[in-house]
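Undergrad: Residue numbers (the UniProt record's numbering): 2 to 250.
Take a look at the following structure, please.
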Ligand code: PEP
């Protein structure tokens, strides 16, 4: 089994102003001092802050985008390409977050194209998948997540260019989390499918859990088999909370 370095990624969503760089500085200083153990730490602020965050002395913390367009450039008013994120200093980009899928009607095919764009630009794609409450209650979780995974993750995905984030839609921003047994079941299915498609490389692809990860539940969730880190929304906005989560490593 390949050794997977845990990744703790913060998704700031549509939050943050230039003054928020203070939070990044706190996170970076603590991580440089060993606060995240052996985990890799990534902060994904809104587009307006990517270049400023990237320009900060923030090693070893990486900066990422929250979305990108599939095309490298062109007549797409308001959109940002993966190449632009790379140029701004990003190392990664979240694609297919459930808020993008819901607010912007992004299909698996669109998410797939964005993951391909990320690779083309030299960014790590964090591909998000997850079932709604209705889908879970109907017993369709594994089938839905597998379909999203197959449809969204491009051929030739590698451990170096792809990360999966399992984020049950009903757990995002709600304070609700699945049981550890439920998380284990979905992550095991994702692992099996990645290995089926990508062989040994699939063993190395990290699978993050996301959805109401907080300082008080992080240790339990991160200890689940095949959970290789966290995608953190609300709790990533405060340096102390985010560091407490990364601190489980
Ligand atoms: C997210 O937006 O990816 C997320 C997991 O949000 P929260 O941690 O706030 O549930």
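Here a beta-carbon is modelled for each residue, glycine too, at the ideal position from N, C-alpha and C.
The structure displayed is predicted, hence computed values, not measured ones.
1. Residue 9 to residue 130, Cα distance in whole Å?
2. Counting only runs that start and end within the region 87-143, where is the alpha helix (DSSP H) found for 4 or more residues in a row?
3. Buried or exposed for residue 82, please, with buried defined as at least 16 other CB atoms from any protein chain shown within 10 angstroms of its CB.
4. Using only CA atoms, which one of 68, 79, 157 lies nearest to residue 94?
5. Are the CB atoms of residue 57 and residue 26 within a distance shorter than 9 Å?
6. Please work out which residues of its chain come closer than 7 Å, Cβ to Cβ, to residue 4, disregarding the five sequence neighbours upstream and downstream, and give them in chain order.
7. Considering residue 231, what are the terminal residues of the alpha helix (DSSP H) in which it resides?
8. Excluding five sequence neighbours on each side, which residues of the same chain lie with their C-beta closer than 6 Å to the C-beta of residue 41?
9. Per DSSP, residue 244 forms a beta bridge with which residues?
10. Does residue 157 come out as helix, strand or coil in the three-state DSSP assignment?
11. Is residue 70 helix, strand or coil when you go by DSSP?
12. Just how far apart, CA to CA, sit residue 164 and residue 127?
13. Which residue from 23, 114, 29, 162 puts its Cα closest to that of residue 205?
14. Taking only the alpha-carbon atoms, compute the straight-line gap between residue 59 and residue 44 and give it to the nearest angstrom.
15. Would DSSP call residue 213 helix, strand or coil?
16. Alpha carbon to alpha carbon, what distance is there between residue 191 and residue 179?
17. The ligand PEP and residue 100: does the residue's C-beta get closer than 8 Å to at least one heavy atom of that ligand?
18. Hey, quick one: how far does the alpha helix (DSSP H) through residue 22 stretch, first residue to last?
19. Leaving out the 5 sequence neighbours to the left and right, which residues in its chain are closer than 7 Å to residue 110 when beta-carbon positions are compared?
20. Can you tell me which of the three DSSP states residue 49 falls into?
21. On the three-state DSSP scale, how would you describe residue 78?
22. For residue 220, collect the residues of the same chain with a Cβ closer than 7 Å to its Cβ; drop the 5 residues on either side in sequence, then sort them by chain order.
TA: Reading off the structure:
1. 17 Å
2. 99-104, 109-122, 134-138
3. Burial is judged here by how many other beta carbons sit within 10 angstroms of a residue's own beta carbon; residue 82 has at least 16 and is buried.
4. 68
5. yes
6. Excluding residues up to 5 positions away in sequence, nothing lies with its Cβ nearer than 7 Å to the Cβ of residue 4 in the same chain.
7. It is not in any alpha helix (DSSP H) - residue 231 instead sits in the beta strand (DSSP E) that spans 230-233.
8. 6, 8
9. DSSP lists no partner for residue 244.
10. coil
11. strand
12. Their backbone Cα atoms lie some 5 Å apart in a straight line.
13. 162
14. 10 Å
15. Coil.
16. 16 Å
17. yes
18. 22-33
19. Excluding its 5 nearest sequence neighbours in each direction, residue 110 has C-beta neighbours in its own chain below 7 Å: 152, listed in chain order.
20. helix
21. Under the three-state reduction of DSSP output, residue 78 falls in the coil class, being neither helix nor strand.
22. 249, listed in sequence order.
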